[in-house]
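Which chain is which? The protein sequence lines are Y and S, in order. If you read the first sequence in the numbering used here, its first letter stands for residue 302, the second for the next number, and so on. If you read the second sequence in the numbering used here, its first letter stands for residue 302, the second for the next number, and so on. Backbone N, C-alpha and C define an ideal beta-carbon position, used for all residues, glycine too. Written out below as structure tokens is the structure these notes cover.
Number of protein chains: 2
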Amino acid sequence: MMELRLLRYFVAIAEERHFGRAAARLHMSQPPLSRAVKQLETDLGVVLLRRSATGAELTPAGNALYMEARTLLEQAEQARARVTAAAGAVTLTIGTLADSAGETGTRLAATFRRRHPKVSIRIREADFTDPTTGLRNGLADVALTRLPFDDIGISTRVLRSDPVGVVLRADDPLAGRDTLCLADLAGRPWFQLPEGTDPVWRAYWNGATSVGERPAGPVVRTVNECTQAVLWNGMVGIAPLTHALPDGLTWAILTDMPPSLLVVAWATEHESPLVRSFAHIAVNAYRPAQT
Amino acid sequence: MMELRLLRYFVAIAEERHFGRAAARLHMSQPPLSRAVKQLETDLGVVLLRRSATGAELTPAGNALYMEARTLLEQAEQARARVTAAAGAVTLTIGTLADSAGETGTRLAATFRRRHPKVSIRIREADFTDPTTGLRNGLADVALTRLPFDDIGISTRVLRSDPVGVVLRADDPLAGRDTLCLADLAGRPWFQLPEGTDPVWRAYWNGATSVGERPAGPVVRTVNECTQAVLWNGMVGIAPLTHALPDGLTWAILTDMPPSLLVVAWATEHESPLVRSFAHIAVNAYRPAQT
DNA sequence: AATCCCGATACCGCAACGGTATCTTTGCTG
DNA sequence: CAGCAAAGATACCGTTGCGGTATCGGGATT
């Protein structure tokens, strides 16, 4: 039977395109994943992955299942939230952009939990295609994300200003330089946000994108080994990196990209005492003279 | 973790309001269901059922989970169908109204499978609130259901005409009579379709409903022990009963209810060779002089 | 008070899950 | 082209947990 557990596994494999990395991300070993995929394949009567010596590629059916599984798991999460809400439980859903906000979120959530022990917290990791991390459709109550994006109806408080940088392979001709400008990167593959995403957000990142070619693979990918930045085959990311980069990668700041602002955000019309409290905690945590 | 298996179990329990009956319906024993519910309850941190000596009632949270689980399982089914469709597999989804159509569906599906071995078949059981069993929103390709309902855009072929009857407890004063009229039943509780359902369909059944009071419990319930009729605490159903009624129940035809027509139906604009083939098989199976 | 019925619990065998070790294949490389 | 490295598949194993039978406890009914 098609169980959610198998779908969780498959999503990890599909995103990593690699059984071993997926296993690491799931904190388990690789063989059960082989079995899980085979189980799904025999259950659905369909080949999901094209295995190779370098990893695994999605077949059309695999891609379909990846999309379906994502939404299904998301719907399951929402269902869970609605059920607990129906029981009178108070929940705060924190949306986080899949970059530095991840670790930030859990840290702030811990503080929040100390102050509001009875409120249960749910963290929803959104990918780069939605800078509001679901604020607009009620999928999140409060978000840790980045400006600029179309913020009408959204209240924001700036936490930190981060220069935008680029991640390079150590063997790159440009590696070793601390700063670069966009022109240095002309002609390289780049990441590109899909159409239909927030226009302001897209324009900001396309400022970088316009110098490069269109990418060949999927549009945005989050790399979990390095939660402090969005990497993609040695492409654009966000400084500062507090964690060390994986071996063989270096970092250079792009001097002509306007800085990206880490913010706490919420839908203005859904502002609540809990949301205010969380925003307050977040702003305090980043106040310069905190002592 | 909240797995689909647990939700399937919970849905059965919620509908039967009885662990034992749910176990029978799931072809398993009762103790694992106790465990499953407890597992869900601890996982969600919520009480789902109020247990009593006569069965189990849903708490508000339980009702919420019931709704969520239904849609989630449905979505999982659709997801599965879309994935196999993406692999180029051809699927025919047969919607069945939760009464006599159930058994009819599997029987016709068997014939259909013999004729089209490569087409995979999915049977979708719909409840009484949607006489089209999802034809309109693409949830089903072809339906075994009953007239009358609002059939604009829907093509139908009549398979059989069934008088409408009422199921009575053996200790009922009216039990033993073969025929009744609606007036005989004045003042009794009755089943009632929720607002927003197909108006023609609702009006038809409200013709019966109008003589009775409003029911107290949930609006429609399907009884699985008797797949040949919709029963509800000794309320209205559809003749003929080819299967014996459970002990303690009898059956009387309502002479002043217009008959209900068993039909095969499909969305006219989505008519396809497969749909035509299925309809043809269905009509042939019910032709009087078949020999 | 005795009985009945329902859900909960205890316990058991077995299927399935995840882990370790190893194999096969494939792409790369000297 | 031989050898190596890496990735997924397979074999096997200990443990978990699922579903089954037997039984218990507690309301409701008579």
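Chain Y partners of residue i, CB-CB under 9 Å?
i	result
G346/S	T385, A388, A390 and S421
P361/S	A387, A388 and G389
What is the C-beta distance between residue i and residue j, in whole angstroms, given that I count them as a contact (C-beta under 8 Å)?
i	j	result
A441/S	R425/S	5 Å
I422/S	I395/S	7 Å
G435/Y	A427/Y	6 Å
T430/Y	T498/Y	5 Å
L334/Y	I314/Y	6 Å
R416/Y	S578/Y	7 Å
Would you mind sorting residue i into buried or exposed? The rule is 16 or more other CB atoms within 10 Å of its CB.
i	result
G321/Y	exposed
A354/Y	exposed
G363/S	buried
A517/S	In this prediction, A517/S has a pLDDT of 32, which is less than 50 and means its spatial position is unreliable; nothing more can be read from the coordinates.
V576/S	buried
E316/Y	buried
G406/Y	buried
R503/Y	buried
M329/S	exposed
T343/Y	exposed
T463/S	Residue identity check: residue 463/S is Asp in the sequence provided, not Thr. Buried: at least 16 other Cβ atoms inside 10 Å.
S456/S	buried
M303/Y	buried
V531/S	With a pLDDT of 41 at V531/S, under the threshold of 50, the modelled position of that residue is not reliable, and no figure is offered here.
P574/Y	exposed
Measure the Cβ-Cβ separation of residue i and residue j and say whether it is below 7 Å.
i	j	result
T412/S	P432/S	no
A370/S	V312/S	yes
G466/S	A553/S	yes
T392/Y	A382/Y	yes
L373/S	A390/Y	no
R306/Y	G356/Y	no
V501/Y	P449/Y	yes
L409/S	A568/S	no
Y310/S	A337/S	yes
V564/Y	L398/Y	no
T385/Y	L345/S	yes
A586/S	A444/S	no
V420/Y	A388/S	no
Could you pull the DSSP bridge partners for residue i from this structure?
i	result
A357/Y	R352/Y
W567/Y	S456/Y
T434/S	According to DSSP, T434/S bridges with nothing at all.
I314/Y	In the DSSP output, where bridge partners are listed per residue, I314/Y has none listed.
A427/S	L398/S
I422/S	L393/S
T480/S	I554/S
D463/S	S561/S
V443/Y	I395/Y
L448/Y	L562/Y
Would you mind telling me which residues of chain Y sit closer than 7 Å to residue i, beta carbon to beta carbon, in chain order?
i	result
M329/S	Under the 7 Å cutoff, chain Y gives no residues; its nearest Cβ is about 14 Å from M329/S.
E369/S	A380, R383 and V384
Q376/S	L373 and Q376
Note down, in chain order, every chain Y residue with its Cβ under 8 Å from the Cβ of residue i.
i	result
P418/S	Ordered by position in chain Y, no residue passes the 8 Å Cβ test against P418/S, which lies about 13 Å from the chain.
L616/S	The structure shown does not extend to residue 616/S, since chain S spans only 302 to 592, so no value can be given for it.
Residues of chain S with CB closer than 7 Å to the CB of residue i, please, in chain order.
i	result
M558/Y	Those within 7 Å of M558/Y in chain S number zero; the least Cβ separation is about 38 Å.
L366/Y	V384
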